[in-house]
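J.:
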Amino acid sequence: MSPPRRRVSVSSCPAQWDCKISAGSYHAIVIHPRASPVPDSGCIWLVSAVQQQEHKPVLLDEVIEHLGCTPAKLFVDATVGGGGHARAILDKTAPDGRLIGIDWDEIALAKARLNLRPYADRLLLVRDNFAQMGSILARLQIQAVDGILLDLGLSSLQVEAAARGFSFSLPGPLDMRMDRSQRWTAADIVNNTPEEELANLIYRYGEERLSRRIAAAIVRERKNAAITLCSQLSGIISRTIKGRERHTIHPATRTFQALRIAVNDELKKLNHALDETLDLLNSGGRMGVISFHSLEDRIVKQKFQQWERGCTCPRRIPQCICGNEKKINILTRKPVIPSRDEMNVNPRSRSAKLRVAEKI
């Protein structure tokens, strides 16, 4: 049973921060609102060191350029991961720019804490989901920031850890939880969801044309034995749709994507985060979102268009009666995509799309 949510204790903070926060072993600390209480330290959860692994942040130069990273600004990297984008933002905003890094993956935060140690006096790390950005900033007594970045992709740290269960090409449990304190895993979905509902899930979140055939095969297999390993599920899918169509990606790619989205409720959290993000930006502040599949990109694109359009009244009405006003300017009419050189160096970047907007 997970510990109850607690209010974060606030006191003692680096002088560069106009907020209060409990002191840790050093200033780049992790606040975990659901952690077990630590005596005399409120709800601070300090993660342990993790093995160094290389992760290449996608569209790094493009992010720095479009976010308008200059000194004295305050940024939020709402999916800080291993800290690649955060490091570049802190470098570009030196000597007095500040950054709040958020992630709900404790292992990713441990990595970020190590990688960003030189910036400890200008950095705060928070363990929570980016959908809680509003409450996080409220706890830190921060009303608005100058820039927010959401990188919606999996990091190498997550994909290459077999025990996390994100990869169909590695042995490991069928897990896929970003927050490992939650109980519901991909194996629970695969083994307990009715066939029709499972097919709809794979089609809706994975855009998989053969979802019904895959769901039927999963249900047949799980009658004999529970499907608990990534290799089991990957094998079932590969055997089921082998030769059915030409594949430029692994046959299990879309199904694994669908399960990961469902386990972590990713699209709902993205919608909520985008709505909160606009209210958290200063005038002239910028929001950048890096998506990796069409479902995410469509949500971001439509949300940006809605905010820029403002009025939603039918064209036949001569005067606005809806009261909606234009809120942003879209800075990327077409999404920014990786260069061929970046895709050659980092093949995982090939599907990345960056969209950026500036608040009026």
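When you line the sequence shown up against our numbering, it's residues 5 to 364, in that order. Quick reminder that beta carbons are idealized off the backbone N, C-alpha and C, glycines included.
Our contact map puts L67 next to L153 with C-beta atoms below 8 Å; I'd like the distance itself, whole angstroms only.
T.: The sequence as given places Val at residue 67; Leu does not occur at that position. 6 Å between Cβ atoms; contact.
J.: Per DSSP, what are the beta-bridge partners of S295 in this structure?
T.: According to DSSP, which records beta bridges pairwise, S295 is partnered with K357.
J.: Nearest to R121 by alpha carbon, out of I364, L94, R143, F134?
T.: Nearest C-alpha to R121: L94.
J.: Using only CA atoms, which one of D65, I334, L128 lies nearest to Q310?
T.: Ranking the options by Cα distance to Q310, first place goes to I334.
J.: Just checking my contact of D132 with I106 at CB under 8 Å: how many whole Å lie between their CB atoms?
T.: Right, the Cβ-Cβ distance comes to about 6 Å (below 8 Å), so this counts as a contact.
J.: Look at the Cβ atom of V194, then the Cβ atom of I222, and state whether they are nearer than 8 Å.
T.: Yes, these two residues count as a Cβ contact at 8 Å.
J.: So, helix, strand or coil for E110, using DSSP?
T.: It is helical.
J.: Nearest by alpha-carbon distance to I231: which of D269, G210, T189 is it?
T.: Of the candidates D269, G210, T189, the one whose C-alpha sits nearest the C-alpha of I231 is T189.
J.: Between V360 and R290, how many whole angstroms is the CB-CB distance? I'm expecting something under 8 Å.
T.: Correct: roughly 6 Å between the Cβ atoms.
J.: Using a Cβ-Cβ cutoff of less than 7 Å, which residues in the same chain neighbour G288 once the five nearest sequence positions on both sides are dropped?
T.: Closer than 7 Å at the Cβ level, and outside the excluded window around G288, lie E362, K363.
J.: Looking only at its chain, what residues have a beta carbon closer than 7 Å to the beta carbon of N328, apart from the 5 residues adjacent to it on each side?
T.: Only G314, C315, T316 meet the Cβ criterion.
J.: Applying the criterion that 16 or more other CB atoms from any shown protein chain within 10 Å of the CB defines a buried residue, is E200 buried or exposed?
T.: E200 comes out exposed.
J.: Would DSSP call K305 helix, strand or coil?
T.: Of the three classes helix, strand and coil, the one that applies to K305 here is helix, per DSSP.
J.: Let me know the secondary structure DSSP gives D130 once reduced to three states.
T.: Going by the sequence as given, residue 130 is Val instead of Asp. It is a strand residue.
J.: Decide if I253 is buried, meaning its Cβ has at least 16 other Cβ atoms within 10 Å, or exposed.
T.: Exposed, because fewer than 16 other Cβ atoms sit within 10 Å of the Cβ of I253.
J.: With distances taken Cα to Cα, identify the nearest neighbour of C234 among D192, A220, K273.
T.: Selected option, being the one with the closest Cα: D192.
J.: Compare the beta carbon distance of A148 and L284 with 8 Å and say whether it is the shorter of the two.
T.: Yes; because the gap between Cβ atoms is below 8 Å, this pair is in contact.
J.: Output needed for S353: all residues of its chain with C-beta closer than 8 Å, excluding positions within five of it in sequence on either side, in chain order.
T.: Closer than 8 Å at Cβ, skipping near neighbours: K60, V62, L63, P342, E346, M347.
J.: Of all the options K115, S298, L78, which has the alpha carbon lying nearest to the alpha carbon of R102?
T.: Nearest C-alpha to R102: L78.
J.: By the 10 Å Cβ neighbour count, where 16 or more other Cβ atoms means buried, how is D155 classified, buried or exposed?
T.: D155 is buried by the Cβ-count criterion.
J.: Along the beta strand (DSSP E) that carries N333, what are the first and last residues, could you check?
T.: Unbroken beta strand (DSSP E) run through N333: 332 to 334.
J.: Once you ignore the five residues that flank G87 on each side, which residues in its own chain have a CB closer than 6 Å to its CB?
T.: Counting only Cβ-Cβ distances below 6 Å, and skipping sequence neighbours, we find A116, N119, L120.
J.: Taking the alpha helix (DSSP H) that D345 belongs to, which residues open and close that run?
T.: First-last of the alpha helix (DSSP H) with D345: 344 to 349.
J.: Tell me whether N328 sits in a helix, a strand or coil according to DSSP, three-state version.
T.: Of the three classes helix, strand and coil, the one that applies to N328 here is coil, per DSSP.
J.: Going by alpha carbons, who is nearest to R4 out of P177, R208, R243, F308?
T.: Here the chain has residues from 5 to 364 only, and residue 4 is not among them.
J.: Could you pull the DSSP bridge partners for F79 from this structure?
T.: Looking at the DSSP assignment, F79 forms a beta bridge with L103, G151.
J.: With DSSP run on the structure shown, which of helix, strand or coil describes R217?
T.: In the structure shown, R217 sits in a helix (DSSP, three-state: H, G or I).
J.: Looking at the structure shown, is V194 part of a helix, part of a strand, or coil, going by DSSP?
T.: Three-state result, V194: helix.
J.: Given this structure, state the Cα-to-Cα distance separating M137 from P99, to the nearest angstrom.
T.: Cα to Cα, M137 sits roughly 25 Å from P99.
J.: Between K96 and L144, what straight-line distance do the alpha-carbon atoms span, to the nearest angstrom?
T.: Looking at the two C-alpha atoms, the distance is approximately 23 Å.
J.: Note the first and the last residue of the continuous alpha helix (DSSP H) segment covering I206.
T.: First-last of the alpha helix (DSSP H) with I206: 199 to 210.
J.: On the CB-based measure, 16 or more other CB atoms within 10 Å of its CB, does D179 come out buried or exposed?
T.: D179 comes out buried.
J.: In chain order, what residues of the same chain lie with their CB nearer than 6 Å to the CB of K307, ignoring the 5 residues before and after it?
T.: Closer than 6 Å at Cβ, skipping near neighbours: L278.
J.: Looking only at its own chain, which residues have a Cβ that is under 6 Å from the Cβ of V80, when we skip the five neighbours before and after it?
T.: Cβ neighbours of V80 beyond the five flanking positions: I104, V149, I152.
J.: Does Q323 pass the burial test, meaning 16 or more other C-beta atoms within 10 Å, or should it be called exposed?
T.: Q323 should be labelled exposed.
J.: For T197, is the classification buried or exposed, using 16 other Cβ atoms within 10 angstroms of its Cβ as the cut-off for buried?
T.: With 16 or more other Cβ atoms within 10 Å, it is buried.
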